[in-house]
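In the numbering used here, the protein residues as written are -8 to 152. For every residue, glycine included, the Cβ atom is placed at its ideal position computed from N, Cα and C. Worksheet: the structure to be examined is printed underneath.
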Amino acid sequence: MKKILVVYYSRTGITKKLARSIVDFLSADGEEIVDTKNRAWLLWYIRAGRDAALKRQTTIQRMISNPSDYDIVCIWTPVWDFAMSAAVRTYLTMYEKQLPASLIFFCTQASSWAETAIQEMANIVGKKPTTTIVFSSKEISRDSYQEELKKQLIQAWIFID
Ligand SMILES: Cc1cc2nc3c(=O)[nH]c(=O)nc-3n(C[C@H](O)[C@H](O)[C@H](O)COP(=O)(O)O)c2cc1C
């Protein structure tokens, strides 16, 4: 039985909701990446976009899990200004050497730029993800999003060794 870790950052809870359902579905370990910067209010929203666009890192809380203990690591970010969130950029930079060969990158977006964020994630870790899954706000607003997510995950699994 493969050991699976799901790590995710979520500012408003959408990515977290999806990531937690994957954790249950895969019987995986899950851990949230916590950005120590307050990103809640409008001003911080603008700052978040600027951090992402300028490819800045942030400070994240110490993680409990070690990705090298797992066979598969799923990393999930919301798209921020055509890029990944600052917290996920920080996580990838810190842990790139400990990541296993089997990686799944997930992106949550309002509508666009997930591919650019995923490419950037791959550049940081220096390898292509085994597979990628993207979800938009429109898809998440449908009642059937959980089934769709599971379907995509099962399809993605054929690429995993
Ligand atoms: C600062 C910022 C920039 C964003 N930029 C984009 C973008 O370029 N493209 C897009 O489709 N969505 C963008 N979004 C929307 C988020 O990716 C989307 O709402 C996502 O589902 C939020 O996930 P969360 O609830 O886990 O934080 C942006 C959100 C924020 C906060």
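For I24, the shortest C-beta to heavy atom distance toward ligand 1 is 7 angstroms or greater.
Counting C-beta atoms within 10 angstroms of its own C-beta, I63 has 16 or more neighbours from the protein chains shown and is therefore classed as buried. Under the three-state reduction of DSSP, P58 is assigned to helix.
DSSP, read as helix, strand or coil, puts M75 in strand. Not one heavy atom of ligand 1 falls within 7 angstroms of the beta-carbon of T123. Buried is the label assigned to S76, since at least 16 other Cβ atoms lie within 10 Å of its Cβ.
Relative to the non-hydrogen atoms of ligand 1, the Cβ of W104 comes within a distance shorter than 7 angstroms of at least one. Burial check for A78: the Cβ neighbour count within 10 Å reaches 16 or more, so the residue is buried. Around the Cβ of R30, a 10 Å sphere holds 16 or more other Cβ atoms; the residue is buried. For W71, the CB falls within less than 7 angstroms of some heavy atom of ligand 1.
Counting the other CB atoms within 10 Å of its CB gives D42 a total of 16 or more, which places it among the buried residues. When DSSP reads this structure, I63 sits in a beta bridge with I(-5), S93.
According to the DSSP assignment, F16 belongs to no beta strand (DSSP E) but to the alpha helix (DSSP H) extending over 5 to 17. In the three-state reduction of the DSSP assignment, I109 falls in the helix class.
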